[in-house]
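Residues in the sequence shown are numbered consecutively from 12, following my numbering. Yeah, the Cβ is synthetic: ideal placement off N, Cα and C, and Gly gets one too. The model shown is predicted, which means the values in this text are computed figures rather than measured ones. Have a look at the structure below before the remarks.
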Amino acid sequence: YSNITYIISKDGDAYDLDFTLEESIPNAFNLGIRFDSEEIAAVQVNAVYQFKTHLPTKAIVTGRLGKRANVRLDYLLLPSALRSINLSYMFQYTDMNIYDHGSRAYNTTYSQHFADIGYSSILNRNLRMGLGLRYEYYNYNTFLFSNSEHNMTVKPEGFFSYYGVLRYETTDRKFYPTKGMSLQADVSIYTDNLSSYNDNPPVGAACVWWEGAYSLTRRFALLPSFYGRVLFGKDSPYA
């Protein structure tokens, strides 16, 4: 809270203590840099602003500059502490290598537009669910192949997708956990017209991610993780 005041009033032989609380509205600006063997270096910027409105709303802007550059805007409506409605838009430019059994098969560059409207709710202390509708558009710029065996032609394409997410969280802290686990499962159904894909049934994807936290000493913990993804349906698109 940004400010707390109180009033003491006598009620017969007893006293009433009334607190007046002014909620703190946290705004933030974050700047970071990361290094890895794929992109070498990237700069990341994030800003959060919470509006003073009757229905709490929050705007988040995130940017990244590197081989994979993007800018993302999130606008959140917060009808309660447990529920949120999120409107998002992102533009991303990607320069990435595709590998085949450990050897680089080709390099591709593409741009992506991403729009999302979603609803999220905390069901209990450890479980969160989300539902939503996304639109993604991919525009491929170049393909550089290491040999003729991998030659292909991919056209720009857009997708509407419905998705559902469940996340189960028991870690003792958000950063540097020492015990507990995180488990997330999500399913997406991809179409090109909200009902089918290429005049066939929609294409689907199911993902699961798990990470555990096991404390070995007071200052050292082991965090094993697992991720898997399965596609189902006919003629899965390149994206």
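Reduced DSSP secondary structure (H/G/I, E/B, other) of residue i
| i | result |
| --- | --- |
| Gly169 | strand |
| Glu50 | coil |
| Met192 | strand |
| Ile36 | coil |
| Pro90 | strand |
| Phe243 | strand |
| Asn162 | coil |
| Arg79 | coil |
| Lys21 | strand |
| Leu98 | strand |
| Arg184 | coil |
| Asp85 | strand |
| Asp106 | strand |
| Arg229 | coil |
| Asn204 | coil |
Proximity of residue i and residue j at Cβ, strictly below 8 Å
| i | j | result |
| --- | --- | --- |
| Ala58 | Gly77 | no |
| Tyr174 | Asp203 | no |
| Tyr17 | Asn38 | no |
| Leu93 | Ile133 | yes |
| Val165 | Tyr146 | no |
| Asp106 | Arg79 | yes |
| Ser95 | Leu84 | no |
| Tyr179 | Leu194 | yes |
| Ser172 | Tyr117 | no |
| Trp221 | Phe243 | no |
| Gly113 | Tyr130 | no |
| Tyr121 | Tyr148 | no |
| Phe102 | Asn81 | yes |
| Leu28 | Tyr12 | no |
| Met192 | Ala217 | no |
| Leu88 | Leu66 | yes |
| Phe170 | Tyr201 | yes |
Residue i: first and last residue of the uninterrupted beta strand (DSSP E) it sits in
| i | result |
| --- | --- |
| Ala116 | 114-133 |
| Ala216 | 214-226 |
| Ala250 | Here Ala250 belongs to no beta strand (DSSP E), and DSSP marks it neither H nor E. |
| Leu76 | 68-76 |
| Phe154 | 138-156 |
| Tyr12 | Segment: none, Tyr12 is in no beta strand (DSSP E) and carries neither H nor E. |
Beta-ladder partner(s) of residue i, from DSSP
| i | result |
| --- | --- |
| Ser236 | Glu222 |
| Asp197 | Val176, Cys218 |
| Thr64 | The partner list for Thr64 (beta bridge, DSSP) is empty, contrary to what the question assumes. |
| Asp29 | Ile18 |
| Asn209 | Partner(s): none; Asn209 has no beta bridge. |
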